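Sequences listed follow chains A and B, in order.
Okay, so the first sequence: first residue is 61 according to our numbering, each after it adds one.
Okay, so the second sequence: first residue is 124 according to our numbering, each after it adds one.
Backbone N, C-alpha and C fix where the C-beta goes; we use that ideal spot for every residue, glycine too.
This structure is a prediction, so every number in the text was calculated from the model and none was measured.
Notes to accompany the following structure.
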Amino acid sequence: MVAPRGPLRRRPPVVLVLGALVAVVVAVLPLVYLVDRAGSLGWSAAVGELAQRRTVALLWRSVVLAGTVTVLASVIGVAAAWLVVRSDVPGRRLWSVLVVLPLAMPSYAAAYAWLSWRPAMAPFPGTVLVLTLVAYPYVYLPVAAALRRLDPAQEEVARSLGQHPARVVVTLTLRQVRPAIASGALLVALYALSDFGAPALFRYEVFTFVIYGAYNAGFDPTRAAVLGLALVFVAALVVVAEAWVRGRPAYARIGSGAPRRQYPVALRGGRPIAVAFLVAVFALGIGFPMWRFLYWTREALDRTVPWGEVAAALGHTLWWSLLAAAATLVLAIPVGVLVARYRSRLTAGLERSTYVAHALPGIVVAIALVYVGVTVLRPVYQEVPLLILAYVVLFLSLAIGTVRTGVEQTPVAQEEVARSLGRRPGQVLARVTLPQAAPALAGGAALVFVTAMKELPATLLLRPTGLDTLATRLWTFTSESNYAAGAPYVVALVCFAAIPAALLSRFVVDAGARLEEHRD
Amino acid sequence: MTARAGGGGAGRVGGAGRVGGAGRVGGAGQVGRAALVVGLVAGLVAGLVAGPAGAAPGDSITVYSGRNEALIKPLFDQFTRDTGIAVQVRYGDSGALASQMLTEGGASPADVFVSQDAGALGALTNAKLLAKLPARSRNAVAPEYRAGDGTWVGTSGRVRVLVYNPKLLPDPPTTIDEVVDPRYKGKVGYAPTNASWQSFVTALRVLRGERKAEKWLRAFAANEPKAYASNAAIRDAVDAGQIWMGLVNHYYLWQKIVQVGEASVVARNQFMAPGDPGGLVNVAGVGVLKSSTNKKAAQAFVDYLLSEGGQAYFADRTYEYPLAAGVQPSVRLPSLAKLRAPALDLSDLDSLAATQELLAETGLLTR
């Protein structure tokens with residue numbers, strides 16, 4: 061980061077600070093509940109819950125699972141991003157949309173599809189396979205965006221000095237986009253730590269098992285709170301590690317260079333391998349599971365599919381996810397702008413605190429909001445607003461990262477010009493900063509939209525009584541192993557989630573680059 | 124970090140030109156953008172102020188149901204048609220719903236909890252969240268299928284059995300101790316994550332004590348049982364001859380028999396010897412919340428589940444054992460009295476967490 065100059069170094073607008081504070085309060089809401097609940101047990105008893113051998117062993121398994129998934133998802137995400145953005149692989153425009161689509165597939169649905177095909181699939185590889193394939197877009201998106209914006213000058217210099225192209229990619233290109241890789245990997249790691257659906261279906265016992273067990277089998281929300289805090293602690297370590305990776309300068313240069321038209325690297329003989337890789341990722345990530353569900357849907361068509369119910373569930377899913385995306389964006393903007401434009405220890409700390417809740421399984425956040433609902437938000441308990449609040453808590457960090465990067469990428473100079481012409485900071489924000497970062501804002505909202513569509517555990521507990529989303533309808537059928545009846549809901553879910561997922565590529569990857577080319 | 128690329132330098136290169144650009148885009152683009160923002164905000168506000176969904180004008184109760192919608196919704200609809208009392212149903216896992224009510228405490232919107240098993244009801248009883256039911260409800264059901272303090276009653280029963288393949292195993296075991304005989308190594312199926320299997324293990328712990336329960340589980344694990352995702356999968360594997368027998372609930376066999384006809388089904392149920400933990404009778408049940416604001420309607424709902432019509436519904440739709448109103452099972456089953464299931468208080472089956480610890484320790488949970 062170049063330190064903001066001139067007027068921007070002054071205090072940030074009050075509206076930003078207030079907004080960011082609200083966002084942080086919302087994000088740490090479940091933590092307050094967890095600490096309160098665990099504290100009611102007495103701290104020595106709480107430590108006793110944690111110190112059990114099985115608890116420690118499972119926490120370690122979760123860390124290993126998250127680590128494996130993060131490494132694999134990073135490799136796939138980076139490779140896919142480089143191929144799509146920087147190589148001459150055939151069909152780059154098409155691939156730029158296709159490789160994001162696995163984001164639309166819920167982990168539990170993918171696990172379900174694989175297990176229906178191979179019931180004896182081994183637990184660890186199965187869980188890793190599914191989590192990696194649904195999560196690598198978290199890495200792909202920021203890395204592809206960063207690659208699009210890279211100044212190719214250094215690479216050109218390296219190659220003109222006789223460096224092998226592959227060596228240039230590894231030693232130069234990847235080092236330059238390291239912060240983007242780190243921010244994507246963070247989301248993957250937190251996601252893998254918090255997911256319950258895929259490990260549960262594969263019966264790979266991880267830490268979320270104990271947490272769900274504490275609710276579902278132990279009927280013991282206090283024990284679950286203690287366990288949730290342990291996961292928060294691990295998440296905090298991951299967040300700190302990411303900041304460390306991102307924070308150290310990867311390379312040094314004078315001036316920032318100028319992003320401009322990049323000439324694709326010729327793959328030559330490697331083209332078939334590159335195509336095979338992209339096809340495999342797409343086929344395993346979304347092609348195969350969708351084929352299973354389409355097959356079952358066709359079977360279901362022989363009987364009667366209650367299309368009215370599908371449509372009603374689809375309506376709730378879209379509407380609530382849209383509200384979630386809008387509300388999350390409203391709270392993500394102050395934090396994202398604050399971190400991008402007024403970076404300090406304090407603002408960085410605020411941002412990171414919003415990530416920690418992202419590692420909590422949905423059911424923990426849901427129970428925390430049940431408590432909040434019955435104690436302070438009684439009028440909206442089990443109404444849409446509280447459900448939206450749960451989505452905001454769960455997905456705020458997804459939007460903040462995108463907003464922050466988007467604002468960072470827009471030039472400060474115009475804001476300075478506007479300030480020098482007498483505009484107040486708030487006006488500059490509304491008239492210059494946000495319009496310029498609009499594609500990134502849309503990208504953040506789209507990311508939340510897709511993810512909220514798939515959400516299950518919090519939706520089950522907090523939705524208005526009697527109303528369903530596609531995910532909860534699917535749960536109704538899968539909980540009694542009725543594949544065929546559930547399939548139409550998966551198909552509807554994936555098809556409609558694919559729309560914002562496809563747009564993500566435009567918002568996050570293409571739009572940033574267009575901004576640059578325009579400026580050239 | 125990325126700002127370094129875009130920040131100072133890029134601004135220097137194109138700053139002035141872009142101001143004009145931004146202005147140009149401004150006209151049409153900003154109107155659309157403003158409309159989008161207004162639309163989203165309006166939507167958000169509309170969502171926030173929207174009133175309670177479908178608040179019925181007449182009598183209405185809220186039911187938390189741990190029993191699956193596909194199974195039980197027709198019965199709830201029938202109740203509304205017969206009594207005029209509307210039912211708002213929140214479906215979920217019995218355990219998750221119990222945790223939700225434990226967190227809600229006295230502020231729960233729920234009037235009635237319909238649970239898949241006794242353990243979740245027992246947890247609410249322990250937290251003193253359930254109201255004592257009137258004598259007519261308590262006495263409708265035999266003492267072993269209701270809470271000792273009268274806070275919940277069973278509405279239907281299911282028996283743990285050994286489903287076996289008579290072609291491969293003409294003389295099946297009648298106790299769980301015979302099941303772990305080395306003769307049956309690799310021939311027995313079980314469903315590690317199934318709630319009924321875990322209830323059986325809990326009952327084993329309650330009946331025989333922790334040490335003997337662990338001893339049996341270790342012997343069971345040493346015999347290399349085959350893990351399945353569901354009871355239905357075990358039944359099908361037994362029927363197809365892939366394994367000799369499996370530990371399941373009694374009604375899975377009947378689901379198949381009713382579906383494809385008795386002649387096409389090879390597998391049969393073996394009911395366990397009297398008092399054997401493998402013959403546990405567990406119940407799905409119902410309780411009324413102390414905090415219910417409409418106890419009269421809630422009680423009418425309980426009465427309905429225990430009525431002849433409600434009981435016949437369970438018998439006909441789920442092939443479970445009816446527990447009240449003198450209704451008989453709809454399929455050929457030995458009477459509960461004759462089975463003489465092991466004697467235990469079903470409320471004691473709320474220590475599932477300890478069961479899962481034990482299953483994990485013996486390597487049976489994630490096999």
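Looking from the CA of Tyr543 of chain A, the closest CA among A:Gly503, A:Ala373, A:Arg358 belongs to A:Arg358.
Apart from sequence neighbours up to five positions away, the residues of its chain that approach Ala502 of chain A with a beta-carbon distance below 6 Å are Phe567, ordered along the chain. The three-state reading of DSSP puts Lys290 of chain B in coil, since its state is none of H, G, I, E or B. Secondary structure at Val434 of chain A: helix, using DSSP grouped into helix, strand and coil. Using a Cβ-Cβ distance cut-off of 8 Å, the stretch 318-331 of chain B and the stretch 148-168 of chain A are not in contact, since fewer than three pairs of beta carbons, one from each stretch, lie closer than that value.
Two segments are said to touch when three or more pairs of C-beta atoms, one from each, lie closer than 8 Å; by this definition the stretch 382-401 of chain B does not touch the stretch 222-242 of chain B. Cβ neighbours of Val551 of chain A within its own chain (closer than 7 Å, five residues either side excluded): Phe353, Leu354, Thr357.
At a Cβ-Cβ threshold of 8 Å, Val135 of chain A and Tyr198 of chain A do not count as neighbours. Scanning B:Ala363, B:Ala355, B:Thr297 for the CA closest to the CA of Gly401 of chain B turns up B:Thr297. Look at Tyr451 of chain A: its C-beta is not under 8 Å from any C-beta on chain B.
Listed along chain B, the residues sitting closer than 8 Å to Ile427 of chain A by beta-carbon distance are Ser222, Gln223, Thr226. When the Cα atoms are used, Val389 of chain B and Val284 of chain B turn out to be separated by approximately 16 Å. Per DSSP, the continuous alpha helix (DSSP H) segment holding Gly466 of chain A begins and ends at 444-469. For the C-beta of Gln487 of chain A, not a single chain B residue is nearer than 8 Å; the gap to the nearest is close to 14 Å. Residue state for Pro445 of chain B is assigned as strand, using DSSP reduced to three classes.
Scanning the stretch 61-134 of chain A from its first residue to its last, the whole alpha helix (DSSP H) runs of 4-plus residues come out as 74-101, 103-110. Just so you know, the alpha carbons of Leu198 of chain B and Ser457 of chain A end up roughly 43 Å apart. For a Cβ distance threshold of 9 Å, residue set Thr525, Gly526 of chain A lies close to Val212 of chain B, ordered along the chain.
Comparing alpha carbon positions, the residue from A:Pro548, A:Ser539, A:Thr130, A:Thr470 closest to Leu253 of chain A is A:Thr130. Within the stretch 307-339 of chain B, the residues whose Cβ lies closer than 9 Å to some Cβ of chain A are Pro315, Thr316, Ala318, Gln321, listed in chain order.
In the structure shown, Ala355 of chain B adopts helical secondary structure according to DSSP, grouped into three states. For Tyr415 of chain A, the enclosing alpha helix (DSSP H) stretches over residues 405-416. Taking 4 residues as the minimum length, the alpha helix (DSSP H) runs contained wholly in the stretch 308-366 of chain B are 318-331, 333-345, 354-362, in order along the chain. Separation of Phe269 of chain A and Ala213 of chain A (C-alpha to C-alpha, rounded to the nearest whole angstrom) is 50 Å.
Considered as a whole, the stretch 175-251 of chain A harbours 183-195, 197-208, 213-220, 225-228 as its complete alpha helix (DSSP H) runs of no fewer than 4 residues, in chain order. Nearest C-alpha to Tyr351 of chain B among A:Arg405, A:Ala562, A:Arg178, A:Val472: A:Arg178. Assignment of beta-bridge partners to Val406 of chain B by DSSP yields B:Gly280. Interface flag for Glu215 of chain A against chain B is unset, since no Cβ pair is found closer than 8 Å. Within the stretch 325-339 of chain A, contact with chain B at the beta-carbon level (separation under 8 Å) is assigned to no residue. The stretch 418-427 of chain A makes no contact with the stretch 484-492 of chain A: fewer than 3 CB pairs, one atom from each, lie closer than 8 Å. For the stretch 145-161 of chain A, the beta-carbon criterion of a distance under 8 Å to any beta-carbon of chain B is satisfied by none of its residues.
Straight-line measurement puts the Cα of Arg533 of chain A at about 10 Å from the Cα of Ala372 of chain A. For Tyr323 of chain A, no alpha helix (DSSP H) run applies, since DSSP gives it neither H nor E. Tyr275 of chain A sits close to Ala219 of chain B, with the two beta carbons spaced by under 8 Å. By the criterion of a C-beta distance shorter than 6 Å, Ser260 of chain B is surrounded in its chain by Val276, Val425, once the five residues flanking it on both sides are discounted. Beta-bridge partners assigned by DSSP to Met368 of chain B: B:Tyr287, B:Val311.
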